[in-house]
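So the structure is just underneath, and the comments pick up after that.
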Amino acid sequence: MSGWLRRLFSSKSPTLSHRSSPRVLSFRTASLPEDFSRLVSGTFIGLPNGTPFEMLQVYRFLRDAIPDISDAVWTWKRLCQTGYDVEVLAPSSESARRRAERLIADLDRRVNSGDRGMEGLLDIFYTSLFTYGAAALEIVLNRDRSAIFDVVPVDVWTVRFRREKQTLQPYQVYDGKEIRLPSKLFLYVGLDRDGTNPYGRSMLRSIPFVVKIQQRLIEDMAKAMRNVGWAKLHVRYTPEPRERGESPESYQERVERNFQDLRDRLSGLEADQNLITYDNIAVELIRGDQRSVVFYENHKAIEEQIITGMHLMPILVGRNYGTTETYGTAQFEIINRQVEAVNRSVKRLLERLYNFELSLMWGEARAHVRMRHNRTVDPLKEATARGKEIENAIRLEKEGFIDHEMAAKRLNIDLPPHT
Numbered sequence: 020m021s022g023w024l025r026r027l028f029s030s031k032s033p034t035l036s037h038r039s040s041p042r043v044l045s046f047r048t049a050s051l052p053e054d055f056s057r058l059v060s061g062t063f064i065g066l067p068n069g070t071p072f073e074m075l076q077v078y079r080f081l082r083d084a085i086p087d088i089s090d091a092v093w094t095w096k097r098l099c100q101t102g103y104d105v106e107v108l109a110p111s112s113e114s115a116r117r118r119a120e121r122l123i124a125d126l127d128r129r130v131n132s133g134d135r136g137m138e139g140l141l142d143i144f145y146t147s148l149f150t151y152g153a154a155a156l157e158i159v160l161n162r163d164r165s166a167i168f169d170v171v172p173v174d175v176w177t178v179r180f181r182r183e184k185q186t187l188q189p190y191q192v193y194d195g196k197e198i199r200l201p202s203k204l205f206l207y208v209g210l211d212r213d214g215t216n217p218y219g220r221s222m223l224r225s226i227p228f229v230v231k232i233q234q235r236l237i238e239d240m241a242k243a244m245r246n247v248g249w250a251k252l253h254v255r256y257t258p259e260p261r262e263r264g265e266s267p268e269s270y271q272e273r274v275e276r277n278f279q280d281l282r283d284r285l286s287g288l289e290a291d292q293n294l295i296t297y298d299n300i301a302v303e304l305i306r307g308d309q310r311s312v313v314f315y316e317n318h319k320a321i322e323e324q325i326i327t328g329m330h331l332m333p334i335l336v337g338r339n340y341g342t343t344e345t346y347g348t349a350q351f352e353i354i355n356r357q358v359e360a361v362n363r364s365v366k367r368l369l370e371r372l373y374n375f376e377l378s379l380m381w382g383e384a385r386a387h388v389r390m391r392h393n394r395t396v397d398p399l400k401e402a403t404a405r406g407k408e409i410e411n412a413i414r415l416e417k418e419g420f421i422d423h424e425m426a427a428k429r430l431n432i433d434l435p436p437h438t
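Residue 20 is where the sequence shown starts when you use the numbering used here, and the numbers rise one by one after that.
Okay, here's the thing in structure tokens:
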């Protein structure tokens, strides 16, 4: 047991409160993480709500096998790939600026083992983020540790965390072995983290039961629609009356024989052949034009649950239940807010990669990333409104009501850090 744990348990307070021991105050908070028992035992932190790690593989299967989920992940990924711009800040010289720009461009080309560079790496990153609720990357240095040799994706379903020395230590579980990952070279982004749990939360966690109902409904619908989709012959056989002196057993045997003979003749009937029968056999045609909206309505209700579970709006998957353009525009604006929130994490990730590379070069410079935004439905209206906002902010700054930084904040402009 580590020294700080011995001091923690030797405290006289039965409630583990830090107030009775000033020494405890210096190395831990008053609250405890939900995985405190795992912290003591040294085991890995589990997923929220006791979710087994095997569910991560289930999420991948659902993404690849269920059209609605596949479309949702694809849509989220494409919405977030808005592009970005990199600005070099505080260079120590003009040559340092050019060197930094060249290093950033070279890094963009060689990451992801050169397979589409940074574009391909971000594509994998977003796919993982919206499938598992998390994405992980590893920085690989060259032999003399003078530059980043590569940045590669890490399979999220193999990543585990353990609390060691007051920090989260990442591991990779591979073939039953625990591989300790270098914390400073390992990048992990968790989406919708819950409390003190370090893992991200997948959007797919809320819909496996709904997907099960949907697939069963589609299977039943396929059988039923195939059954009513084709015309059929309905043949009714009325047995002849029993003959005089015929025993009940013989009569029953004769009826069954006639019935079987009729079935045999019908089973071999060709499409262009007709039936010739006695009047105790009735033949009716059941048309395949029956219609029912029950299946569509039921499937639509289940589908809406999947759309909601994936945090999408109906209009983005081809459905709009409103009668005005404003309804669809409002949905798209909400989606863009969510995209911006996700891309703020991507911005910090990119800045960390670029600044890591620049910290190894000769000279000084820092990289600042600006994520681009999706255009609105009506760009002219947006440009007019934006122009008015800028005019108002400039007027307030000139009159001395706000300073330059406050004006930029009002306009939602991301100013670079002070040099």
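Even glycine gets a Cβ: it sits at the ideal position worked out from N, Cα and C.
Source: prediction; values computed, not measured.
Q: Could you name the residues of the same chain whose beta carbon sits closer than 8 angstroms to that of D422, not counting the 5 residues immediately before and after it, in chain order?
A: Position 403 of the sequence shown holds residue 422. Taken in chain order, the residues that qualify are E416.
Q. Should I295 be labelled buried (16 or more other beta-carbon atoms within 10 Å of its own) or exposed?
A. The count along the sequence shown starts at 1 and reaches residue 295 at position 276. Exposed, since its Cβ has fewer than 16 Cβ neighbours within 10 Å.
**Q.** Three-state secondary structure assigned by DSSP to R182
**A.** One-based indexing of the sequence shown puts residue 182 at position 163. Strand, per DSSP.
**Q.** Between the CA atoms of I305 and R276 - distance to the nearest angstrom
**A.** By 1-based counting over the sequence shown, the position of residue 276 is 257. By 1-based counting over the sequence shown, the position of residue 305 is 286. If you take the alpha carbons of R276 and I305, they lie about 26 angstroms apart.
Q: Determine the DSSP secondary structure at L294, reduced to helix, strand or coil.
A: For the purposes of this step, residue 294 is taken as the residue at position 275 of the sequence shown. It is coil, neither helix nor strand.
Q: Please confirm whether E153 and L377 have their CB atoms less than 9 angstroms apart.
A: As a working mapping, residue 153 is identified with position 134 in the sequence shown. As a working mapping, residue 377 is identified with position 358 in the sequence shown. Correcting the residue type first, residue 153 is Ala in the shown sequence and not Glu. Not closer than 9 angstroms, so no.
Q) What whole-angstrom Cβ distance do V107 and A386 have, given they're in contact under 8 angstroms? A) As a position in the sequence shown, residue 107 is number 88, starting the count at 1. As a position in the sequence shown, residue 386 is number 367, starting the count at 1. Indeed, because the Cβ distance is near 6 angstroms, the residues count as touching under 8 angstroms.
Q: Measure the C-alpha to C-alpha separation of V175 and V208 and round it to an integer number of angstroms.
A: Translated into positions along the sequence shown, residue 175 becomes position 156. Translated into positions along the sequence shown, residue 208 becomes position 189. Each residue's alpha carbon lies about 10 angstroms from the other.
Q | Residue closest to V171, alpha-carbon to alpha-carbon, out of L160, R164, Q100, R179 | A | Sequence index remark: in the sequence shown, residue 171 carries index 152 (1-based). Across the set L160, R164, Q100, R179, the C-alpha of L160 shows the shortest separation from the C-alpha of V171.
(Q) For N299 and S269, I'd like the C-alpha separation in whole angstroms. (A) Stepping through the sequence shown from its first residue, residue 299 is reached at position 280. Stepping through the sequence shown from its first residue, residue 269 is reached at position 250. Each residue's Cα considered, the two are about 20 angstroms apart.
**Q.** Per DSSP, the bridge partner or partners of M390
**A.** Taking the first residue of the sequence shown as position 1, residue 390 is located at position 371. In DSSP, M390 forms a bridge with Y103.
Q) By a C-beta neighbour count over all protein chains shown, 10 Å radius and 16 as the cutoff for buried, is K96 buried or exposed? A) Position 77 of the sequence shown, counted from the start, is the residue given in the question as residue 96. It counts as buried.
Q | Range of the contiguous alpha helix (DSSP H) that encloses P267 | A | What you label residue 267 is simply residue 248 of the sequence shown in a count that begins at 1. Its alpha helix (DSSP H) spans residues 267-286.
**Q.** Inter-stretch contact at 8 angstroms, needing at least 3 Cβ pairs: the segment 86-105 / the segment 353-360
**A.** yes
(Q) So, under 8 angstroms CB-CB, P67 and D213 are touching, yes? Tell me the CB distance rounded to an integer number of Å. (A) Taking the first residue of the sequence shown as 1, we reach residue 67 at position 48. Taking the first residue of the sequence shown as 1, we reach residue 213 at position 194. So it is a contact: roughly 5 angstroms between Cβ atoms.
Q) So what does H253 bridge to, in DSSP terms? A) Residue 253 sits at position 234 when you count from the first residue of the sequence shown. Looking at the DSSP assignment, H253 forms a beta bridge with E303.
**Q.** Distance, G419 Cα to I413 Cα
**A.** Reading the sequence shown from its first residue, position 394 is the one you call residue 413. Reading the sequence shown from its first residue, position 400 is the one you call residue 419. Approximately 10 angstroms, taken between the alpha carbons.
(Q) So the candidates are K400, T215, S221; which of them puts its Cα closest to the Cα of S50? (A) For the purposes of this step, residue 50 is taken as residue 31 along the sequence shown, with counting starting at 1. Per the Cα distances, T215.
Q.
DSSP has V159 in a bridge; who is on the other side?
A. In the sequence shown, the residue the question calls residue 159 occupies position 140. Bridge partners of V159: D169.
**Q.** Boundaries of the alpha helix (DSSP H) in which Y218 is found, first to last residue
**A.** The residue you call residue 218 lines up with position 199 of the sequence shown. Segment: none, Y218 is in no alpha helix (DSSP H) and carries neither H nor E.
Q.
For the segment 388-407 against the segment 125-142, do three or more pairs of beta-carbon atoms, one drawn from each stretch, fall closer than 8 angstroms, so that the two count as touching?
A. no
Q | Between the CA atoms of F168 and R79 - distance to the nearest angstrom | A | Counting from 1 along the sequence shown, the entry for residue 79 is found at position 60. Counting from 1 along the sequence shown, the entry for residue 168 is found at position 149. Rounded to the nearest angstrom, the two C-alpha atoms are 29 angstroms apart.
Q) How would you label A124, buried or exposed, when you count the other beta carbons within 10 angstroms and need 16 or more for buried? A) Taking the first residue of the sequence shown as 1, we reach residue 124 at position 105. The residue in question, A124, is exposed, as its Cβ has fewer than 16 Cβ neighbours within 10 Å.
(Q) Short of 6 angstroms in beta carbon distance, which residues of its chain neighbour R429, apart from the five on each side in sequence? Order them along the chain. (A) Against the sequence shown, residue 429 aligns to sequence position 410. A412.
Q: For D54, count neighbouring C-beta atoms within 10 Å of its own C-beta (all shown protein chains included) and say buried if the count is 16 or more, exposed if not.
A: Numbered from its first residue, the sequence shown carries residue 54 at position 35. Counting Cβ neighbours within 10 Å, D54 comes out buried, since at least 16 surround it.
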